[in-house]
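Since the structure comes first, as structure tokens, the remarks are kept for the end.
Numbering (my numbering), first residue to last: 594 to 782.
Given below as structure tokens:
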């Protein structure tokens, strides 16, 4: 059986964002884990406008090319890691918008959360995202990598380097995603 596809989704689309460095680090951690074929998905490159489909996503009757392309991207994943900051005690609007474009494509897949920010490490954003994922029948894992004062881990070249604690959190999260993905493949097949 082929290795599951894990998509690491960079959830901030803001110009000048630093979170893409965090997402690249998470993708490298997932590659090193060895349990997945890893794809880095940058929402800034997805080109999704504010939700503009006339039909509810649960119908799967997409009328826009960007939605069909987004559906194909998400459909090929077996699991996800969402990498996102906290904006005003919640998730970025671009991330929520990207999630809302689809419905069935998300279902029965494990999801890890890597939140980052200042003192709160984006935990309020993660708390806002979890019920959204649950409503779409995704299974958020308990293990996470939450990154306080994340900019301290980014060097002058824009490269994020996690410390031992962040690496341990990422490994625990990836282990649990791998365990759940193996169990969830049956219902999806």
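Quick reminder that beta carbons are idealized off the backbone N, C-alpha and C, glycines included.
- For residue 624 and residue 680, the gap between their C-alpha atoms comes out near 29 Å.
- When only Cα atoms are considered, residue 646 and residue 635 end up about 21 Å apart.
- Closest in alpha carbon position to residue 751, among 609, 651 and 598, is 609.
- By the neighbour-count criterion, in which a residue is buried when 16 or more other Cβ atoms sit within 10 angstroms of its Cβ, residue 665 is exposed.
- Two segments are said to touch when three or more pairs of C-beta atoms, one from each, lie closer than 8 Å; by this definition the stretch 737–744 does not touch the stretch 770–780.
- Excluding sequence positions up to five before and after residue 644, its CB lies within less than 8 Å of the CB of 690, 693 and 694, all in the same chain and listed in chain order.
- Contact annotation: residue 678 and residue 612 have beta-carbon atoms nearer than 7 Å.
- Assignment of beta-bridge partners to residue 708 by DSSP yields 677 and 739.
- Beta bridge pairing from DSSP links residue 753 with 747.
- Contact annotation, residue 714 with residue 733: C-beta distance approximately 16 Å; criterion of less than 8 Å not satisfied.
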